Each structure stands twice: as C-alpha cells, then as structure tokens.
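Residue numbers (the numbering used here): 75 to 212.
Quick reminder that beta carbons are idealized off the backbone N, C-alpha and C, glycines included.
Fair warning: this is a prediction, and the values are worked out from it, not measured in the lab.
Single-structure report; data block below.
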C-alpha cells in the first residue's frame, strides 16, 4: 500500500499552521501582560500617591473577583495598616498567611509584630508625668 505524497504535504502544512497559531497566541498573551502584574502596578501607583481609600476599594474589588489572589489581600492589609486600622489590618494579614504561607516571613510577620506592639502600647496606661512624681534615690 502506497501513501500519496500529497497526504504528507497536507499533514505538514497543517502542523505548520498549528505552530504558527501557537506563536501568535503566545505573542498576544505577552502583549496583554499578566493581569496580576497590571493589578500590582495599579496598587503601587495608588500607594505611592497616598490614595489609600482608593487603594482599599480597588483591592476589595479585586478580592471580590478573585478571592484567593494573595496580592490583593496583601495590598488591602498594607493599606489598612497605613490607615492605622489595626484590627482590620491584622485580619487581612492573617488572610494573606492563610492563602499562601510563603508570605508569612517577609510579607506578614513584620507588620503583625508592629501592629501587636502598637496595640500593646495602646492598652498600657500612660506613665505618670515626671513633674508630678519626682524620683528619689532613697
């Protein structure tokens, strides 16, 4: 049984078309960029211009669309931290840690420690004024 050479030509052209389409798809994806990178760039711009309310709203909207996106939760936590909304920031940082434990050491723990220190300072009674309570050596 012999195979017509035209058959191989058609198969070869089909494979070339498939490879070309894959390259076009790859180029389109590159041109569109990564949506997470775009989100991160937007957040960074809002953070650098100190538009914290806008950043919080933007991060919350992203979380509604993609509830497991760690970056969105981190930007929300960071924003709440900068707004000194300690309880909300703690909850948000804990969510970041829950979603991706690899963020704990560098992205969560330093902020959580600072929040806990601030909350502890807030809970401590103020020290008596030195003028009202002079120190003595005996």
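Pairwise C-alpha distance: residue j and residue i
{"i": "residue 132", "j": "residue 85", "result": "50 Å"}
{"i": "residue 183", "j": "residue 144", "result": "15 Å"}
{"i": "residue 160", "j": "residue 129", "result": "17 Å"}
{"i": "residue 235", "j": "residue 187", "result": "Look at the range of the chain in this structure, 75 to 212, and you will see that residue 235 is not part of it."}
Proximity winner among the options, relative to residue i (alpha-carbon distances)
{"i": "residue 123", "options": "156, 197, 169", "result": "156"}
{"i": "residue 114", "options": "166, 152, 164", "result": "152"}
Bounding residues of the alpha helix (DSSP H) (the contiguous stretch that carries residue i)
{"i": "residue 168", "result": "160-173"}
{"i": "residue 148", "result": "144-156"}
{"i": "residue 188", "result": "183-197"}
{"i": "residue 111", "result": "109-122"}
Residues near residue i by beta carbon distance below 7 Å, same chain, minus five either side
{"i": "residue 121", "result": "129"}
{"i": "residue 181", "result": "148, 170"}
CB contact below 8 Å: residue i versus chain C
{"i": "residue 90", "result": "Protein chains in the displayed structure number just one, and chain C is not present."}
8 Å CB neighbourhood of residue i in its chain, flanking five on each side removed
{"i": "residue 174", "result": "144"}
{"i": "residue 162", "result": "154"}
Residue i: CB within 7 Å of a non-hydrogen atom of the ligand ADP
{"i": "residue 113", "result": "As for the ligand ADP, it is missing from this structure, which has no ligand bound."}
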